[in-house]
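What follows is one structure encoded as structure tokens, with my remarks underneath.
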Amino acid sequence: MTNDIYGPFPGGADFLARLTEQQRARYEQLGTNLEVVERRIVAACEAAGRPREDVTLIVVTKTYPAEDTALLAGLGVTDVAENRDQDAAPKATLCVQLPLTWHFVGQLQTNKVRSVVRYADAVHSVDRPRLVESLSAAVLKSERVPLDCLVQVALDKESGDGEHRAGVAPADVMALADRIADTPGLRMAGVMTVAPLTGPLAGNPDDAFARLAEIASGVRASHPAATMVSAGMSGDLEQAVAAGATHVRVGTAVLGVRSPLG
């Protein structure tokens, strides 16, 4: 970095004037990719009869530098996601003045919780009671605002597959949701899933996300404020929107294909 693009800004000419030639080229590339993704989301919402504002785009910035995160903020992106604390924590520190909501979407070990609660506004990958207790203790000690928590649902576990994958089986979602709701410092915000790789729903995102919608509806019956449904990525965001996703997590379609070394 040869200049500072991490401070608060409204976008526009002043921000662009601070970019190097290389940064400006990346800014334009990201802007083009965002426009394509935005058109896909708009079309998916229209096909589903949903208002565009019902769906929040979360750009997954994992493996990409903080500089890209700042450029995305300059393009109007409001929500970003990371899946590893060792990458997310320094990015969030650099970008602390930017108007961004930070989502943690990866498997979270309890020894990383204290760091994650310093910057994350929402954790999408809550999948066990011990993690609930660790998150609560860290939030209360930090005296921060309550942390939004989503139960990660492993749809393949419903058929006995995916034993070692992160997430809870659909039958166990409600118990974990209740626990989150009853734990100080946490807010039961909704559910999250990744399209399953095994089981009868593998390769069938329409049915997978429809099943998640059923689970989400059941959770909302007991916890009306748990309205977030986090589902869909670059390859299946349309199916997720059709099934009622409120948040889609898109990385490759915005930032490009990641390096194998990333």
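Counting in this note's numbering, the sequence shown runs from 1 upward without gaps.
We treat Cβ as the ideally placed atom computed from N, Cα and C, and that holds for glycine.
Mind checking whether residue i and residue j have CB atoms under 8 Å apart?
i	j	result
residue 23	residue 82	no
residue 71	residue 16	no
residue 105	residue 136	no
residue 190	residue 216	yes
residue 243	residue 212	yes
residue 201	residue 64	no
residue 37	residue 245	no
residue 73	residue 115	no
residue 209	residue 175	no
residue 79	residue 112	no
Which residue's Cα is closest to the Cα of residue i: the options?
i	options	result
residue 139	170, 180, 166 and 128	180
residue 149	183, 47 and 141	183
residue 62	75, 54, 76 and 87	87
residue 108	127, 98 and 78	127
residue 102	119, 113, 111 and 114	119
residue 77	99, 65 and 89	99
residue 185	210, 47 and 142	142
residue 172	151, 164 and 165	151
residue 8	59, 35, 231 and 75	75
residue 122	192, 175 and 26	192
residue 51	258, 249 and 241	241
Spatial neighbours of residue i within its chain, please: C-beta separation below 6 Å, excluding the five flanking residues on both sides.
i	result
residue 263	This structure cannot speak to residue 263, because the chain is shown only from 1 to 262.
residue 188	177, 180, 181, 223 and 226
residue 6	70, 94 and 95
residue 47	none
residue 60	81, 249 and 251
residue 258	63
residue 205	195, 236 and 239
residue 207	201
residue 165	154
residue 58	79, 81, 103, 247 and 249
residue 167	127, 152, 153 and 154
residue 220	226
residue 97	7 and 8
residue 263	The chain is shown only over 1 to 262; residue 263 falls outside these bounds and no answer can be derived.
Suppose the cutoff is 7 Å on Cβ atoms and the five residues either side in sequence are ignored; what does the same chain contact list for residue i look like?
i	result
residue 169	154, 157 and 158
residue 117	135, 138, 139, 142, 144 and 147
residue 110	130, 131 and 134
residue 270	Residue 270 lies beyond the range of the chain shown here (1 to 262); nothing can be said about it.
residue 28	none
residue 261	Caution is warranted here: a pLDDT of 44 is assigned to residue 261, below 50, making its placement in the model unreliable, and the coordinate value is therefore given only provisionally. Correct list: empty, nothing qualifies.
Between residue i and the rest of its own chain, which residues show a CB-CB distance below 8 Å, the 5 nearest in sequence each way excluded?
i	result
residue 33	253, 254, 255 and 256
residue 4	18
residue 14	none
residue 45	51, 52, 54, 55 and 241
Can you confirm whether residue i, when its beta carbon is compared against all beta carbons of chain B, has any partner nearer than 8 Å?
i	result
residue 251	Absent here is chain B; the protein component of the structure consists of one chain.
| query | Okay, do the segment 157-172 and the segment 223-243 touch, 3+ Cβ pairs below 8 Å being the bar? | reply | no
| So does the segment 83-103 actually touch the segment 33-46, counting three or more Cβ pairs closer than 8 Å? | no
| query | Mind pulling the beta strand (DSSP E) runs of 3 or more residues that sit fully within the segment 166-234? | reply | 186-193 and 228-230
| request: Scan the segment 85-169 and note each continuous beta strand (DSSP E) run of 3 residues or more that stays entirely inside, going in chain order. | output: 101-104, 122-126 and 147-153
| query | Going along the chain, which unbroken runs of the alpha helix (DSSP H) with 4 or more residues stay wholly within the segment 45-76? | reply | 66-74
| query | Which runs of the alpha helix (DSSP H) spanning at least 4 residues fall entirely within the segment 17-48, listed in chain order? | reply | 21-48
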